[in-house]
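Q:
Protein chains in written order, with our numbering: chain A, 1 to 311; chain B, 1 to 361.
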């Protein structure tokens, strides 16, 4: 076809959404977990597992959809370890999360050898096909849509779904109650442990999907270290977004925009060290936190293990 | 009961940490007849964070040792460093049981310096850096010379007259790739070199592992009209290949150039968008140094620099059919000019502006 390029602004918007997608998904995971009162530092490791098992699923079955399912299940399994440690055994949630992060890196690099007989990275597998040509045919916004991928749509839909669950259903009310005042919720007959388990495992599913969006989205392989700290950025986005789904989404988009912008900015040819550009997302966050966002308050019982019947 | 469970879970998690260290047995260990030459020398190697399986730098270094272990009765001991704070412990551990210890990567400079100083009777070799100790051999490459040839190919292959470069981290070593590449482009296609010299088409990822970042960097460059991109960015470059592949599937003509190893072979599903790769023969370096040790020719304190002349760098065996014979012949002529010293390839991007290549037809 042609080598016609997209206008810079359109390409920038598409790149922003692409880069925001894993952050949005993971930060939604964070919202679920922390809203129910469990800190989930392990999101980064969960994403690593999701990225790996997504590729493994696609490699084994030949179907990227199965890959995504594998990724989600892997995320749920890993997060259930975190749930067990922090809810059942009342371990320190930060320590447990850090353990998950360390464990995931080692586990995936070991399984890479066992399951793929590869070291460092897998070979390419089938990724989710996206109808670029069809999208381009859509008038006005076609060029923009053709640069996205399915995960972008999934992420945005899931923001609405999360919002709906948290604020418009009785389950959401229970989740928030458990995160704010588990004792009160317990006296009203809410099963605090069950809700927390559910939320942590849900956050694992979303983290796993976030990982798959990295390894089966724009690329089609797993490479060690490919998550490169996005789980932590997602946590920051969640806090920045005030533990709310839409807040987390906008924060993720802001981070991603700064990142996409710095790529364009490197091409301005200004005599500025590129490290400055790389620091842009973080500088923007600090400015935004200092100036535009009010005080963000965590759920009152966030990070506090709940013991039934304790005073 | 709960305590036992907690203990059990933590043991499982902890064991997982070490699971990653498990490695398959060395091949050839069970052979009944051993034709290898006898030696009692022992060789160890510590990788940097790239580790085994980086499909380029560390793997190449290990490949050199695999080769030596097929010729001599040595079983190289290899330790992977997962973080910078493991360099020194790994080098120390290897020193205990080996005669020669390799440190792969410039990042090991300080650790190597300290360990070599503390063990003057042992021998060491470092890749991509210079450690000034009498028992350390420093092996370096003229990446700029190999990259120059990639620049020649890129300069001839571009249709849009726009060429891009993606680097991992903006530092002296990667700048050698950048400078050599741009000089090569300038030699055959000065117009296309302009936006590389003023760094408008040069991007740095800030790391060597973020595949998705590489994809985004490449997408942005390709979208601005660039049609050939060379990378010196490790795993970030894999993202470049993905972006090129996606655009090619969409009907555009774009190319990527690989680095360090023959990436059309190591990343086979992207071979159709890889024009060629700049080979950095770290395997030759580790092989030669090991052989020197075994034959008692090892020269500590020596700084070895391997360029085109020594076959330390060069063009990969796999070359995309799209690259015409004329282009390859031209690259070969430039290679000869570099080998005989007619062309001195710049090592700093700032020097490319003043660089003038003699015209070669």
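Glycine included, each C-beta is placed from N, C-alpha and C at the ideal position. As the structure is a computational prediction, the values presented were derived from the model and not from experiment.
(1) Helix, strand or coil for residue 168(A) per DSSP?
(2) At a CB-CB cut-off below 8 angstroms, which residues of chain B make contact with residue 126(A)?
(3) What residues of chain B sit near residue 75(A), judged by a beta carbon separation below 7 angstroms?
(4) Report all residues from its chain with a CB closer than 7 angstroms to the CB of residue 152(B); omit the five preceding and five following residues, and keep chain order.
(5) What residue does the alpha helix (DSSP H) around residue 50(A) start on, and which one ends it?
(6) Quick one: which chain B residues come within Cβ less than 7 angstroms of residue 135(A)?
(7) Comparing alpha-carbon positions, which option in 208(B), 228(B), 116(B) lies nearest residue 322(B)?
(8) Have a look at residue 123(A) and residue 221(A) and give me their C-alpha separation to the nearest angstrom.
(9) Please state the DSSP three-state secondary structure of residue 52(B).
(10) Alpha carbon to alpha carbon, how far is residue 212(B) from residue 29(A)? Give it in angstroms, no decimals.
(11) Shorter than 6 angstroms, the distance from the beta carbon of residue 263(B) to the closest heavy atom of the ligand GDP, or not?
(12) Of all Cβ atoms in chain A, is any one closer than 7 angstroms to the Cβ of residue 216(B)?
(13) Check for me: the beta strand (DSSP E) holding residue 259(B) runs from which residue to which?
(14) Between 294(B), 148(B), 63(B), which lies nearest to residue 177(B) when the distance is taken from Cα to Cα?
(15) On a CA-only basis, which of 249(B), 125(B), 221(B) is nearest residue 265(A)? Give me that one, please.
(16) Out of 275(B), 324(B), 105(B), 150(B), point me to the one whose CA is closest to residue 314(B)'s CA.
(17) For residue 211(B), return the contacting residues in chain A, with the cut-off set at a CB-CB distance below 7 angstroms.
(18) So, under 8 angstroms CB-CB, residue 43(A) and residue 234(A) are touching, yes? Tell me the CB distance rounded to an integer number of Å.
(19) Roughly how many angstroms separate the alpha carbons of residue 143(A) and residue 129(B), rounded to a whole number?
(20) By how many angstroms is the C-alpha of residue 71(A) removed from the C-alpha of residue 64(A)?
(21) Quick one: is residue 128(A) buried, meaning 16 or more other Cβ sit within 10 Å of its Cβ, or exposed?
(22) Taking the alpha-carbon positions, what's the residue 99(B) to residue 307(B) distance?
(23) Can you tell me where the alpha helix (DSSP H) holding residue 223(A) begins and where it ends?
(24) In angstroms with no decimal places, state the Cα-to-Cα distance between residue 348(A) and residue 78(A).
(25) How many Å lie between residue 354(B) and residue 338(B) at the Cα?
(26) May I ask you to verify whether the region 170-190 of chain A touches the region 41-61 of chain A, counting CB pairs closer than 8 angstroms and requiring at least 3?
(27) Does DSSP put residue 160(A) in a helix, in a strand, or in coil?
(28) At what residues does the alpha helix (DSSP H) containing residue 254(A) begin and finish?
(29) Quick check on residue 146(A): does DSSP put it in helix, strand or coil?
(30) Would you check if there are 3 or more beta carbon pairs closer than 8 angstroms linking the region 37-48 of chain B to the region 94-113 of chain B?
(31) Let's see if you can read the secondary structure: which residues bound the beta strand (DSSP E) around residue 77(B)?
(32) Per DSSP, what are the beta-bridge partners of residue 177(B) in this structure?
(33) Applying the criterion that 16 or more other CB atoms from any shown protein chain within 10 Å of the CB defines a buried residue, is residue 281(B) buried or exposed?
(34) Express the C-alpha separation of residue 297(A) and residue 169(B) in angstroms, rounding to a whole number.
(35) Could you check the C-alpha separation between residue 349(B) and residue 237(B) for me, to the nearest Å?
(36) At what residues does the alpha helix (DSSP H) containing residue 287(B) begin and finish?
A: The answer reads as follows:
(1) Position 168 of the first chain, counting from 1, holds the residue named residue 168(A). Reduced to three states, the DSSP call for residue 168(A) is helix.
(2) Taking the first residue of the first chain as 1, we reach residue 126(A) at position 126. Within 8 angstroms Cβ-Cβ: nothing; residue 126(A) doesn't reach chain B, min ~10 angstroms.
(3) In the first chain, counting from the first residue as 1, residue 75(A) sits at position 75. The contacting residues do not exist; residue 75(A) stays about 16 angstroms from chain B at best.
(4) Here residue 152(B) corresponds to residue number 152 of the second chain, with the count starting at 1. Excluding positions up to five away in sequence, the list reads 184, 187, 188, 330, 331, 334.
(5) Position 50 of the first chain, counting from 1, holds the residue named residue 50(A). Here the alpha helix (DSSP H) through residue 50(A) covers 43-61.
(6) The count along the first chain starts at 1 and reaches residue 135(A) at position 135. Neighbours of residue 135(A) on chain B: none; closest Cβ ~11 angstroms, over 7 angstroms.
(7) Residue 322(B) sits at position 322 when you count from the first residue of the second chain. Ranking the options by Cα distance to residue 322(B), first place goes to 228(B).
(8) As a first step, residue 123(A) must be located in the first chain, where it is residue number 123. As a first step, residue 221(A) must be located in the first chain, where it is residue number 221. Their Cα atoms are separated by approximately 6 angstroms.
(9) Locating residue 52(B) in the second chain gives position 52, counting from the first residue. Of the three classes helix, strand and coil, the one that applies to residue 52(B) here is coil, per DSSP.
(10) Position 29 of the first chain, counting from 1, holds the residue named residue 29(A). Position 212 of the second chain, counting from 1, holds the residue named residue 212(B). Approximately 21 angstroms, taken between the alpha carbons.
(11) As presented, the structure is devoid of all ligands, the ligand GDP included, so that no description of it is given.
(12) Here residue 216(B) is taken as the residue at index 216 of the second chain, counted from 1. So, interface residue.
(13) In the second chain, residue 259(B) corresponds to position 259, counting from 1. That run of the beta strand (DSSP E) goes 255-260.
(14) Within the second chain, numbered from 1, the residue matching residue 177(B) stands at position 177. It is 148(B) whose Cα lies nearest to the Cα of residue 177(B).
(15) Counting from one through the first chain, the residue named residue 265(A) turns up at place 265. Checking every option, the nearest Cα to that of residue 265(A) belongs to 221(B).
(16) Locating residue 314(B) in the second chain gives position 314, where the first residue counts as 1. Nearest C-alpha to residue 314(B): 150(B).
(17) On the second chain, position 211 is the one that residue 211(B) refers to. What residue 211(B) touches in chain A, judged by beta-carbon distance under 7 angstroms, is 219, 223, 226, going in chain order.
(18) Stepping through the first chain from its first residue, residue 43(A) is reached at position 43. Stepping through the first chain from its first residue, residue 234(A) is reached at position 234. Confirmed, Cβ separation roughly 6 angstroms.
(19) Within the first chain, the letter at position 143 stands for residue 143(A). Within the second chain, the letter at position 129 stands for residue 129(B). Their Cα atoms are separated by approximately 47 angstroms.
(20) For the purposes of this step, residue 64(A) is taken as residue 64 along the first chain, with counting starting at 1. For the purposes of this step, residue 71(A) is taken as residue 71 along the first chain, with counting starting at 1. The straight-line gap from Cα to Cα measures roughly 10 angstroms.
(21) Mapped onto the first chain, residue 128(A) falls at position 128. Classification for residue 128(A): buried.
(22) Residue mapping note: residue 99(B) aligns to position 99 of the second chain, counting from 1. Residue mapping note: residue 307(B) aligns to position 307 of the second chain, counting from 1. Looking at the two C-alpha atoms, the distance is approximately 27 angstroms.
(23) Position 223 of the first chain, counting from 1, holds the residue named residue 223(A). Looking at the DSSP string, residue 223(A) is not in any alpha helix (DSSP H), and its letter there is neither H nor E.
(24) Because chain A spans 1 through 311 in this model, residue 348(A) falls outside it and cannot be assessed.
(25) Taking the second chain and counting its residues from 1, one reaches residue 354(B) at position 354. Taking the second chain and counting its residues from 1, one reaches residue 338(B) at position 338. Straight-line Cα distance between these residues: approximately 17 angstroms.
(26) Segments in contact, no.
(27) Here the question's residue 160(A) lines up with position 160 in the first chain. DSSP places residue 160(A) in helix when its eight states are reduced to three.
(28) Position 254 of the first chain holds residue 254(A). 245-266 is the span of the alpha helix (DSSP H), which, as asked, contains residue 254(A).
(29) In the first chain, residue 146(A) corresponds to position 146, counting from 1. Correct three-state label for residue 146(A): coil.
(30) The region 37-48 of chain B makes contact with the region 94-113 of chain B, as at least three CB pairs between them are under 8 angstroms.
(31) Counting from 1 along the second chain, the entry for residue 77(B) is found at position 77. Where residue 77(B) is concerned, the enclosing beta strand (DSSP E) stretches over 77-79.
(32) Position 177 of the second chain, counted from the start, is the residue given in the question as residue 177(B). Residue 177(B) has no beta-bridge partner at all, per DSSP.
(33) As a first step, residue 281(B) must be located in the second chain, where it is residue number 281. So residue 281(B) counts as buried.
(34) Here residue 169(B) refers to the residue found at position 169 of the second chain. Here residue 297(A) refers to the residue found at position 297 of the first chain. Their Cα atoms are separated by approximately 38 angstroms.
(35) Numbered from 1 along the second chain, position 349 holds the residue referred to as residue 349(B). Numbered from 1 along the second chain, position 237 holds the residue referred to as residue 237(B). Their backbone Cα atoms lie some 20 angstroms apart in a straight line.
(36) As a working mapping, residue 287(B) is identified with position 287 in the second chain. Residue 287(B) -> alpha helix (DSSP H) spans 282-294.
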